[in-house]
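According to this note's numbering, the residues represented by the sequence shown are 20 to 288, in order.
First the structure, in the form of structure tokens, and then the observations on it.
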Amino acid sequence: MSESRASRPRRFLVCEPRHFAVQYTINPWMNPDRPVDVDLARDQWQELIRAYRAHGHTVDSLEPVPGLPDMVFSANAACVVEGRVFGSLFHAPQRRPESVHYDTWFKAAGYDVYRPEAVSEGEGDLVWTGRYILAGTGFRTTREAHREAQEFLGHPVIGLTLVDPYFYHLDTALFVLDDANVCYYPEAFSPGSREVLRRLFPDAVLATREDALAWGLNSVSDGRHVFIAPQAEALCERLAGHGYVPVPVDLSEFHKAGGGIKCCTQEIR
Ligand code: ARG
20 MSESRASRPR
30 RFLVCEPRHF
40 AVQYTINPWM
50 NPDRPVDVDL
60 ARDQWQELIR
70 AYRAHGHTVD
80 SLEPVPGLPD
90 MVFSANAACV
100 VEGRVFGSLF
110 HAPQRRPESV
120 HYDTWFKAAG
130 YDVYRPEAVS
140 EGEGDLVWTG
150 RYILAGTGFR
160 TTREAHREAQ
170 EFLGHPVIGL
180 TLVDPYFYHL
190 DTALFVLDDA
200 NVCYYPEAFS
210 PGSREVLRRL
220 FPDAVLATRE
230 DALAWGLNSV
240 SDGRHVFIAP
250 QAEALCERLA
260 GHGYVPVPVD
270 LSEFHKAGGG
280 IKCCTQEIR
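Now the structure itself:
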């Protein structure tokens with residue numbers, strides 16, 4: 020396709036993996052017996068930040084807190100739309116203390132933070148498409164939280180049920196390419212949710228289980244560049260065929276915790 024895609028500059032919030040580790044198991048990817056190479060993780064993470072900045076994006080970062088090894092996954096801390104910060108309440112008790120540190124950062128940056136009463140894991144499950152919010156449920160974020168998000172953010176929230184434990188957050192099975200389109204792995208969703216996605220996005224770029232297992236769907240797109248796991252080779256080619264420009268960034272150490280590029284990236288809109 021010769022169509023030229025336009026990128027829009029973004030503002031991202033990230034958290035350095037200084038205390039990153041796999042110390043407990045709250046998703047099928049995590050095995051505390053398989054050690055994380057902390058130096059490699061830091062290098063990979065810095066490469067992601069460099070790639071964002073090199074493509075014109077602004078990156079803010081908050082101080083990591085010892086004892087919170089998953090805090091690096093900033094996407095889970097909130098969903099921010101039009102300056103409204105819908106905070107988080109984590110499913111796992113091990114992650115619950117993260118929210119207050121993120122809330123403090125947002126407040127210092129001048130935002131009010133809404134703290135959900137029901138379990139809600141930020142952009143892990145609440146994905147802004149430019150028109151509405153696609154909201155995952157099934158493993159983490161609850162239906163109750165979808166209702167709270169709609170009430171607080173004032174945009175339609177469309178619930179989608181996740182069915183495969185390897186793709187326990189919506190952002191492991193779907194990402195937004197631009198204001199008009201998304202890319203997703205259909206089998207990660209219940210039959211009804213699959214149908215909803217088919218109706219909403221008839222021209223979506225579809226991914227396979229291999230693409231999803233290679234973390235290809237935990238990607239960040241600025242409308243033109245898609246920051247994506249190089250392991251998802253076939254998906255990179257398919258996206259290039261649709262006129263997007265894949266920017267490979269390898270976060271293999273974070274895959275051990277069940278996270279990737281998008282998990283490490285909170286977008287402030
Ligand atoms: N270990 C973390 C958890 O299971 C990984 C979070 C990944 N984040 C994401 N947005 N999918 O909660």
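Quick reminder that beta carbons are idealized off the backbone N, C-alpha and C, glycines included.
- Counting the other Cβ atoms within 10 Å of the Cβ of residue 88 gives 16 or more, which makes it buried.
- Below 8 Å, too few C-beta pairs join the stretch 90-105 and the stretch 41-50 to call them touching: fewer than three.
- Relative to the ligand ARG, even the nearest heavy atom lies 7 Å or more away from the CB of residue 161.
- Between the stretch 131-141 and the stretch 159-171, the count of C-beta pairs closer than 8 Å reaches three or more; the two stretches touch.
- Here the alpha carbon of residue 263 sits roughly 16 Å from the alpha carbon of residue 230.
- In the DSSP assignment, residue 34 is bridged to 81.
- According to the DSSP assignment, residue 265 belongs to the beta strand (DSSP E) that extends over 264-267.
- Secondary structure at residue 152: strand, using DSSP grouped into helix, strand and coil.
- Our two residues, residue 201 and residue 114, have alpha carbons roughly 29 Å apart in a direct line.
- With fewer than 16 other Cβ atoms from the protein chains shown falling within 10 Å of its own Cβ, residue 23 counts as exposed.
- Unbroken beta strand (DSSP E) runs of no fewer than 3 residues, entirely contained in the stretch 129-198, are found at 145-147, 152-156, 176-180, 193-195, following chain order.
- When the Cα atoms are used, residue 239 and residue 198 turn out to be separated by approximately 13 Å.
- When C-alpha distances from residue 119 are compared across 144, 82, 37, the shortest belongs to 82.
- By the CB criterion at 8 Å, residue 26 and residue 283 fall outside the cutoff.
- Here residue 160 is buried: its Cβ has 16 or more other Cβ atoms, across all protein chains shown, within 10 Å.
- In the structure shown, residue 244 falls within a strand segment according to DSSP collapsed to helix, strand and coil.
- By the Cβ-count criterion, residue 212 is buried, with 16 or more other Cβ atoms from all chains shown falling within 10 Å of its own Cβ.
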